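In what follows, a structure is listed as structure tokens, so that the remarks can point back to it.
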Amino acid sequence: GKGDTRVFLFEVTPEPPQFLECNTFSTSDPHKGFQFLRKLDCAVRDVEILRAMRLGSTSLEPVAFRVPRVKKEFFQDDVFPPSRVTWEPALSATDWLRGKDLQQRTINLCPDGMLAVSQAPKEAPGRKILPSSVYLQEKSDEQKKEELLNAMVAKLGNRDDPLPQEAFEGVDEDEWD
Numbered sequence: 001g002k003g004d005t006r007v008f009l010f011e012v013t014p015e016p017p018q019f020l021e022c023n024t025f026s027t028s029d030p031h032k033g034f035q036f037l038r039k040l041d042c043a044v045r046d047v048e049i050l051r052a053m054r055l056g057s058t059s060l061e062p063v064a065f066r067v068p069r070v071k072k073e074f075f076q077d078d079v080f081p082p083s084r085v086t087w088e089p090a091l092s093a094t095d096w097l098r099g100k101d102l103q104q105r106t107i108n109l110c111p112d113g114m115l116a117v118s119q120a121p122k123e124a125p126g127r128k129i130l131p132s133s134v135y136l137q138e139k140s141d142e143q144k145k146e147e148l149l150n151a152m153v154a155k156l157g158n159r160d161d162p163l164p165q166e167a168f169e170g171v172d173e174d175e176w177d
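Put into structure tokens, the structure is as follows:
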């Protein structure tokens with residue numbers, strides 16, 4: 001609204017929670033108004049969903065609203081559905097007065113040479129392939145216990161080593177009196 005310093009972007013989803021906060025735009029100068037540009041003016045390759053001109057108290061500045069996406073090399077057809085061509089009339093004034101009703105034409109915003117993310121090849125989850133010797137070599141409980149003990153001794157040191165306090169110099173017996 002007029003006088004605000006922040007703009008919030010929300011993603012609308014069909015399942016709860018229906019509104020997810022995406023991004024915010026903040027400025028120290030209060031807004032006087034925004035003029036949003038056509039969808040054709042957005043940088044679709046950068047996942048720019050809105051572009052606007054912001055009127056501040058002493059300036060007019062361009063503002064871009066983007067949403068984060070992992071695979072920017074693909075066209076985000078979940079974010080950019082077919083868009084209505086609002087800058088062209090759907091019918092003439094005469095047709096409207098006669099009671100006709102038409103839907104506006106839509107366009108696909110996908111740039112040439114870009115594949116839609118919904119048509120992108122699915123990445124197969126990586127399988128860990130272990131050699132057959134791992135499966136064939138079953139260890140007994142006694143072997144597992146021995147391996148565990150050896151690992152602990154290797155980490156903590158030899159049990160027969162002298163204790164650190166044995167190396168300290170003590171006090172003479174006559175000092176105890």
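For the sequence shown, the UniProt record's numbering gives the first residue as 1, with consecutive numbering after it. Yeah, the Cβ is synthetic: ideal placement off N, Cα and C, and Gly gets one too. For clarity, every value in this text was computed on a predicted model and none was experimentally measured.
Between 9, 111, 102, which has its C-alpha nearest residue 20's C-alpha?
9
Are the beta-carbon atoms belonging to residue 69 and residue 44 less than 8 angstroms from one another?
no
For residue 26, which beta-bridge partners are listed by DSSP?
6
If you pair each beta-carbon of the region 110–120 with each one of the region 64–78, do three or more pairs fall below 8 angstroms?
yes
Looking only at C-alpha atoms, which of 91, 106, 105 sits nearest to residue 99?
91
Take residue 32 as the anchor and find which of 24, 3, 95 has the nearest alpha-carbon.
3
Is residue 79 near residue 49, with beta carbons less than 8 angstroms apart?
yes
DSSP has residue 69 in a bridge; who is on the other side?
In the DSSP output, where bridge partners are listed per residue, residue 69 has none listed.
Taking just the CA atoms, how far does residue 42 sit from residue 110?
11 angstroms
Can you tell me the Cβ-Cβ gap for residue 54 and residue 64, rounded? I've got them flagged as a contact below 8 angstroms.
Actually they are not in contact, since the Cβ atoms of residue 54 and residue 64 sit about 11 angstroms apart, beyond 8 angstroms.
Quick test of your reading: residue 5 and residue 27, contact by CB under 8 angstroms. State the CB separation rounded to the nearest angstrom.
6 angstroms
Could you round the C-beta distance between residue 57 and residue 30 to whole angstroms and report it? I think they count as a contact, below 8 angstroms.
7 angstroms
Going by other Cβ atoms of all chains shown within 10 Å of its Cβ, with 16 needed for buried, is residue 39 buried or exposed?
buried
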